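Colleague:
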Amino acid sequence: MKRIFFFLLLGPGFSHAQLYSNASQNLPDNGSMGQSMDVRAADLDQDGDLDIVLANEFQPNTLLLNDGNGVFSNGTIGNLPQENHDSEDVAIADFNNDGHLDLFFCSEDDVTLGWTNVHEYYLSNGAGHFAAASYLPPDSEANAVIAADLNTDGLPDLLLGNKGPNLALINVGNGNFTAESQRIPQAFRTTQDLAMADVDGDGDLDLMEGNEDGNLLHINNGSGFFTNETDTRLPQNLNIETRKVTFGDVDSDGDVDVFLSNVGFIPGRIRQNRLFLNDGTGHFTDATTSLLPADNDHTIDAIFEDVDLDGDLDLVIGNVFGAPVKIYGNNGTGLFTDVTDDILGQNYFRDALGVIAADFNGDGLRDLYICDRKMPQTNNKDLLLLRNPLTTLGDANVNQLAITVFPNPVNGDFFIKTNLKIPDTLGLTDRAGRIMHTFTPENQSEGLFRCPLPKGKLIPGIYFIEIGKMQKLLIVV
11 MKRIFFFLLL
21 GPGFSHAQLY
31 SNASQNLPDN
41 GSMGQSMDVR
51 AADLDQDGDL
61 DIVLANEFQP
71 NTLLLNDGNG
81 VFSNGTIGNL
91 PQENHDSEDV
101 AIADFNNDGH
111 LDLFFCSEDD
121 VTLGWTNVHE
131 YYLSNGAGHF
141 AAASYLPPDS
151 EANAVIAADL
161 NTDGLPDLLL
171 GNKGPNLALI
181 NVGNGNFTAE
191 SQRIPQAFRT
201 TQDLAMADVD
211 GDGDLDLMEG
221 NEDGNLLHIN
231 NGSGFFTNET
241 DTRLPQNLNI
251 ETRKVTFGDV
261 DSDGDVDVFL
271 SNVGFIPGRI
281 RQNRLFLNDG
291 TGHFTDATTS
301 LLPADNDHTI
311 DAIFEDVDLD
321 GDLDLVIGNV
331 FGAPVKIYGN
341 NGTGLFTDVT
351 DDILGQNYFR
361 DALGVIAADF
371 NGDGLRDLYI
381 CDRKMPQTNN
391 KDLLLLRNPL
401 TTLGDANVNQ
411 LAITVFPNPV
421 NGDFFIKTNL
431 KIPDTLGLTD
441 RAGRIMHTFT
451 PENQSEGLFR
461 CPLPKGKLIP
471 GIYFIEIGKM
481 QKLLIVV
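Numbering (our numbering) for the sequence shown: 11 to 487.
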């Protein structure tokens, strides 16, 4: 049974259903204007809210501490060692099994400069203070690092994505690791991202490499040893340069599909992002042409996120070199359209190298953080977009808003109470402005109108109803 929820976007006269507000003023000037390459969120000081850690390029990495309301202060000095490595990515896990989240930053270009001990590995005391671990990881030219329990012993291991053979570091306890290169196939590629998901549905995590020179899919045997099965499982001969691999079930069929964020930094590479659909057994077909908007962007990062709360996975896409942050809305079957204006209300131009979603202000709604690799000619902070409160019209102040809708939720007909003049006919429109349902409000008493809405009339999605200058967002789920 479908349920229809009615929400009001606070403030009259919206030309778009803007679902996020720019709250970058909540970020400190001295901590969110760096050469940030990636971003993660976790409760690093164990105070019950989500903090932010930034991996910075040839600058000290940054720790932003949350006050619980989505206002951040720079907590780096005195809490995080101040090194100047070419940090590209960060993994967060309790590596020494003491109940506190630790940090591992991987670096890229340090080794080409002849530096040693290039990766940064810090253990936490639980209060947001980090100190260098005694274990020194092997040096490599790495763009990606992820933490996962490869050998199912309950301890988080590490995978490093390198220029050259990638590296598995197995946790042996107390935060120490041993290199076990035999666990993953050794190929000489330039890896930009690593992602894990159970692509074949056998209960263990498989591994996909996002590479500059050909992506690879490795299947887990259940014990953390991987076999390269790219040729039989992934579409071939695409001539793409991938920077991010993002797994998610876009068509709601119970298996994980994959979105590839692509760039064209290497001459001749095709920039178009790609969407591969899983057949349920870990074999993928390229559905880009039929399901994705055409693009010619340089996309560095993307996440699946249900931005419109309609029960399916949308895409938040981070671009560089002149293209804005983009939102692709999912119709529930995996068909994506560009709904950036509807969701964000404007274009945000950033060198958006990292995108995450989390509830930063504790209101139960997931917000967005986009880290910006600050260029010399710009003065932008990172981008913090807080999800607008979805205040139900039934709870709204009628004198202030002059309109309320009830009950909430509803399964069919609903009522409007307002001191505004009601037109003879009202319509529900979709995000493209197309009228999907019209009805005649039935006057019940002064200022109270019954609005007929047959059950099953609307498919799940976002719709809008406008009375005067008030525009309301209707979510059918």
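The C-beta atom is built at its ideal place from N, Cα and C for all residues, glycine as well.
No experiment lies behind these values; they were computed from the predicted model shown.
Helix or strand or just coil, what does DSSP make of Ile250?
Modeller: Within the sequence shown, residue 250 is the residue found at index 240, counting from 1. DSSP places Ile250 in strand when its eight states are reduced to three.
Colleague: Measuring alpha carbon to alpha carbon, tell me which of Gly185, Thr242, Ile180, Arg243 ends up nearest Phe235.
Modeller: Locating residue 235 in the sequence shown gives position 225, counting from the first residue. It is Ile180.
Colleague: Suppose you measure from the CA of Phe82 to the CA of Leu37; what does that come to, to the nearest Å?
Modeller: The count along the sequence shown starts at 1 and reaches residue 82 at position 72. The count along the sequence shown starts at 1 and reaches residue 37 at position 27. Their Cα atoms are separated by approximately 5 Å.
Colleague: Hey, would you say Gly220 sits closer than 8 Å to Arg253, going by beta carbons?
Modeller: To locate residue 220, count along the sequence shown from 1; it is residue 210. To locate residue 253, count along the sequence shown from 1; it is residue 243. The answer is yes: Cβ separation under 8 Å.
Colleague: Of all the options Asn272, Asp214, Gly41, Asp53, which has the alpha carbon lying nearest to the alpha carbon of Gly372?
Modeller: Position 362 of the sequence shown, counted from the first residue, corresponds to residue 372. Closest option to Gly372, Cα to Cα, is Asp53.
Colleague: Could you spell out where the alpha helix (DSSP H) holding Ser46 opens and where it closes?
Modeller: On the sequence shown, residue 46 is found 36 positions in, with the first residue counted as 1. Counting along the chain, Ser46 falls outside any alpha helix (DSSP H), though it belongs to the beta strand (DSSP E) covering 46–52.
Colleague: Quick one: what does DSSP say Ile87 is sitting in, helix, strand or coil?
Modeller: Looking up residue 87 in the sequence shown gives position 77. Three-state DSSP puts Ile87 in coil, outside helix and strand.
Colleague: Would you kindly work out how many angstroms separate the C-alpha atoms of Ser97 and Gly292, rounded to a whole number?
Modeller: Here residue 97 is taken as the residue at index 87 of the sequence shown, counted from 1. Here residue 292 is taken as the residue at index 282 of the sequence shown, counted from 1. Their Cα atoms are separated by approximately 32 Å.
Colleague: Determine the direct distance from the alpha carbon of Gly264 to that of Lys336, and round the result to whole angstroms.
Modeller: Locating residue 336 in the sequence shown gives position 326, where the first residue counts as 1. Locating residue 264 in the sequence shown gives position 254, where the first residue counts as 1. Cα-Cα distance, rounded: 26 Å.
Colleague: Reducing DSSP to helix, strand and coil, say where Ser34 ends up.
Modeller: The residue you call residue 34 lines up with position 24 of the sequence shown. Reduced to three states, the DSSP call for Ser34 is helix.
Colleague: Run the CB neighbour count on Pro22, radius 10 Å, all protein chains shown included, and call it buried at 16 or more, exposed below.
Modeller: As a working mapping, residue 22 is identified with position 12 in the sequence shown. The predicted model places Pro22 with a pLDDT of 31, which falls under 50 and marks its position as unreliable; any figure quoted below should be read in that light. It is exposed - the Cβ of Pro22 has fewer than 16 other Cβ atoms within 10 Å.
Colleague: Decide if Gln202 is buried, meaning its Cβ has at least 16 other Cβ atoms within 10 Å, or exposed.
Modeller: Counting from one through the sequence shown, the residue named residue 202 turns up at place 192. So Gln202 counts as buried.
Colleague: What number of angstroms, rounded off, separates the C-alpha of Gln92 from the C-alpha of Asn71?
Modeller: Here residue 92 refers to the residue found at position 82 of the sequence shown. Here residue 71 refers to the residue found at position 61 of the sequence shown. Their backbone Cα atoms lie some 7 Å apart in a straight line.
Colleague: Between the segment 208–216 and the segment 165–185, do at least 3 Cβ pairs fall closer than 8 Å?
Modeller: No, they do not touch.
Colleague: Does the beta-carbon of Asp352 have 16 or more other beta-carbons within 10 angstroms, so that it is buried, or is it exposed?
Modeller: Within the sequence shown, residue 352 is the residue found at index 342, counting from 1. Per the 10 Å Cβ criterion, buried.
Colleague: If you scan the segment 250–311 from start to end, which runs of the beta strand (DSSP E) of 3 or more residues do you find wholly inside it?
Modeller: Listed in chain order, the complete beta strand (DSSP E) runs (minimum 3 residues) inside the segment 250–311 are 251–258, 267–273, 284–288, 294–296.
Colleague: Buried or exposed for Arg444, please, with buried defined as at least 16 other CB atoms from any protein chain shown within 10 angstroms of its CB.
Modeller: Along the sequence shown, one-based indexing puts residue 444 at 434. Exposed, since its Cβ has fewer than 16 Cβ neighbours within 10 Å.
Colleague: Helix, strand or coil for Leu226, going by three-state DSSP, please let me know.
Modeller: For the purposes of this step, residue 226 is taken as the residue at position 216 of the sequence shown. Note: Leu226 maps to strand in three-state DSSP.
Colleague: Since Phe269 contacts Leu345 with CB under 8 Å, what's their CB separation in whole angstroms?
Modeller: Along the sequence shown, one-based indexing puts residue 269 at 259. Along the sequence shown, one-based indexing puts residue 345 at 335. Not really, about 14 Å apart at Cβ, beyond 8 Å.
Colleague: Once DSSP output is grouped into helix, strand and coil, what is the label at Asp96?
Modeller: Position 86 of the sequence shown, counting from 1, holds the residue named residue 96. In this structure, Asp96 counts as strand in the three-state DSSP scheme.
Colleague: Cutting at 7 Å between CB atoms, please list the residues of its own chain near Asp322, excluding the five before and the five after it.
Modeller: Start at 1 with the first residue of the sequence shown, and residue 322 comes out as number 312. Only Ser262, Asp316, Asn340, Gly342 meet the Cβ criterion.
Colleague: Of all the options Glu456, Thr388, Ala207, Asn89, which has the alpha carbon lying nearest to the alpha carbon of Ala160?
Modeller: Residue mapping note: residue 160 aligns to position 150 of the sequence shown, counting from 1. Note on identity: in this sequence residue 160 is Leu, with Ala being the wrong assignment. Nearest C-alpha to Leu160: Ala207.
Colleague: Which residues in the same chain have their Cβ closer than 6 Å to the Cβ of Gln28, if we skip the five residues on either side of it in sequence?
Modeller: The residue given as residue 28 occupies position 18 in the sequence shown. Excluding positions up to five away in sequence, the list reads Gly355.
Colleague: Among Asp348, Phe314, Ala362, which has the Cα closest to the Cα of Gly328?
Modeller: Here residue 328 corresponds to residue number 318 of the sequence shown, with the count starting at 1. Cα-wise, what sits closest to Gly328 is Ala362.
Colleague: Quick check on the DSSP output: what are the complete beta strand (DSSP E) runs of length 3 or more inside the segment 304–366, in order along the chain?
Modeller: Listed in chain order, the complete beta strand (DSSP E) runs (minimum 3 residues) inside the segment 304–366 are 308–315, 324–330, 336–340, 346–348.
Colleague: Distance, Cα to Cα, Tyr30 vs Tyr358?
Modeller: If you number the sequence shown from 1, residue 30 lands on position 20. If you number the sequence shown from 1, residue 358 lands on position 348. Whole-angstrom Cα-Cα distance: 12 Å.
Colleague: Which of the three DSSP states, helix, strand or coil, is assigned to Ser191?
Modeller: As a working note, residue 191 is residue 181 in the sequence shown. Looking at Ser191 - three-state DSSP - the assignment turns out to be helix.
Colleague: How many Å lie between Phe115 and Val260 at the Cα?
Modeller: Start at 1 with the first residue of the sequence shown, and residue 115 comes out as number 105. Start at 1 with the first residue of the sequence shown, and residue 260 comes out as number 250. Straight-line Cα distance between these residues: approximately 31 Å.
Colleague: Note down the Cα distance separating Val330 from Val273, rounded to an integer number of angstroms.
Modeller: As a position in the sequence shown, residue 330 is number 320, starting the count at 1. As a position in the sequence shown, residue 273 is number 263, starting the count at 1. Distance between the alpha carbons of Val330 and Val273 is about 9 Å.
Colleague: Just how far apart, CA to CA, sit Asp119 and Lys173?
Modeller: For this step, residue 119 is matched to residue 109 along the sequence shown. For this step, residue 173 is matched to residue 163 along the sequence shown. Taking the straight line joining both Cα atoms gives about 10 Å.
Colleague: Which word fits Ile380, buried or exposed, when buried means at least 16 other C-beta atoms lie within 10 angstroms of its C-beta?
Modeller: Indexing the sequence shown from 1 puts residue 380 at position 370. Burial call: buried.
Colleague: Ignore the nearest five residues each way along the sequence and tell me which others in Glu190's own chain have a CB closer than 6 Å to its CB.
Modeller: In the sequence shown, counting from the first residue as 1, residue 190 sits at position 180. Only Ala178, Ile180 meet the Cβ criterion.
Colleague: When we look at the beta-carbon of Glu452 and count the other beta-carbons within 10 Å, is it buried (16 or more) or exposed?
Modeller: Your numbering for residue 452 matches position 442 in the sequence shown. By the 10 Å Cβ count, Glu452 comes out exposed.
Colleague: At the level of alpha carbons, what is the spacing between Leu395 and Val365?
Modeller: What you label residue 395 is simply residue 385 of the sequence shown in a count that begins at 1. What you label residue 365 is simply residue 355 of the sequence shown in a count that begins at 1. Answer to the nearest angstrom: the Cα atoms are 11 Å apart.
Colleague: Measuring straight from C-alpha to C-alpha, what distance separates Leu375 and Ala367?
Modeller: To locate residue 375, count along the sequence shown from 1; it is residue 365. To locate residue 367, count along the sequence shown from 1; it is residue 357. Taking the straight line joining both Cα atoms gives about 10 Å.
Colleague: Which value, in whole angstroms, describes the spacing of the CA atoms of Gln282 and Lys465?
Modeller: Here residue 282 corresponds to residue number 272 of the sequence shown, with the count starting at 1. Here residue 465 corresponds to residue number 455 of the sequence shown, with the count starting at 1. Distance between the alpha carbons of Gln282 and Lys465 is about 40 Å.
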